[in-house]
Amino acid sequence: MTFSHFNRRLHLYLGLSLLPWFFMYGISSLPFAHNQFFEKRDAARKLPLWTVRLHRPLDLAVPEGEENLRALGASLMKEAGIESASYGVYRQSPTQVNVYAYSFFKATQVKYFIDRKILTVEDRRFRWDHFLTGMHARGGFEQEGVLQDSWSVIVDIVSGGMIVWIASGLYMWWGVRGHRLWGCLAILSGTLSFALFTWRL
6 MTFSHFNRRL HLYLGLSLLP WFFMYGISSL PFAHNQFFEK RDAARKLPLW
56 TVRLHRPLDL AVPEGEENLR ALGASLMKEA GIESASYGVY RQSPTQVNVY
106 AYSFFKATQV KYFIDRKILT VEDRRFRWDH FLTGMHARGG FEQEGVLQDS
156 WSVIVDIVSG GMIVWIASGL YMWWGVRGHR LWGCLAILSG TLSFALFTWR
206 L
């Protein structure tokens with residue numbers, strides 16, 4: 006088998022294996038680009054996005070610095086009866102700490118009001134646009150857990166696979182002499198438009 010034959014097979018089967026990821030990143034880009042459209046459609050349903058599940062008093066010590074916020078978030082989720090390996094913690098204000106626990110299909114927000122010593126738990130209604138943008142943006146190794154790290158590793162592999170798929174396609178194109186001119190024009194037009202938007206935006 007020559008390198009050209011190997012490259013064609015690599016390009017074909019790599020592209021087929023990446024199909025779910027191409028579809029996911031392509032389709033999930035639409036809610037990002039047309040956020041107002043999806044928000045208006047959802048607002049027309051006149052349904053609350055967040056529903057309060059729990060509202061009760063809680064006296065919990067809150068650390069002054071930011072370095073122990075994640076441990077505080079875990080404590081707040083335990084108090085709220087929430088089990089989630091994926092969550093973020095941040096200070097909404099000097100008197101409020103929010104915990105955002107999420108998966109692809111559901112999201113829960115825990116709010117702790119320090120001055121009033123009140124714990125509130127809200128569940129977010131499922132929306133397909135949130136599901137898609139959540140998949141698109143999911144990544145990183147800041148979460149604990151084998152499954153969470155595995156997703157991030159797969160995203161790295163997919164990113165590398167896309168680069169290899171592009172490179173193998175360029176090699177195939179360059180091997181067809183009759184298409185080199187049109188290919189150069191396509192690459193040039195794409196590069197110029199990308200550079201123009203990058204420079205102006």
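Just so we're aligned, residue 6 is where the sequence shown starts under my numbering, counting upward by one.
A virtual CB, placed ideally from N, CA and C, is assigned to each residue, including glycine.
Taking 9 Å as the cut-off, the Cβ atoms of Val104 and Gly93 count as close.
Each of Thr196, Ala106, Tyr117 was checked against the Cα of Glu149, and the nearest Cα belongs to Ala106.
In the three-state reduction of the DSSP assignment, His16 falls in the helix class, which pools H, G and I. Of the other Cβ atoms in all chains shown, fewer than 16 fall within 10 Å of the Cβ of Leu197; this residue is therefore exposed. Here the alpha carbon of Ile119 sits roughly 52 Å from the alpha carbon of Trp170. The DSSP-derived three-state label of Pro99 is coil. For the pair Tyr95 and Ser34, the Cα-to-Cα distance works out to about 26 Å. Here Leu19 is actually not in contact with Leu63; their C-beta atoms are around 52 Å apart, not less than 8 Å. The beta carbon of Trp178 sits closer than 8 Å to those of His184, Arg185, Gly188, all from its chain and outside the five residues before and after it, given in chain order.
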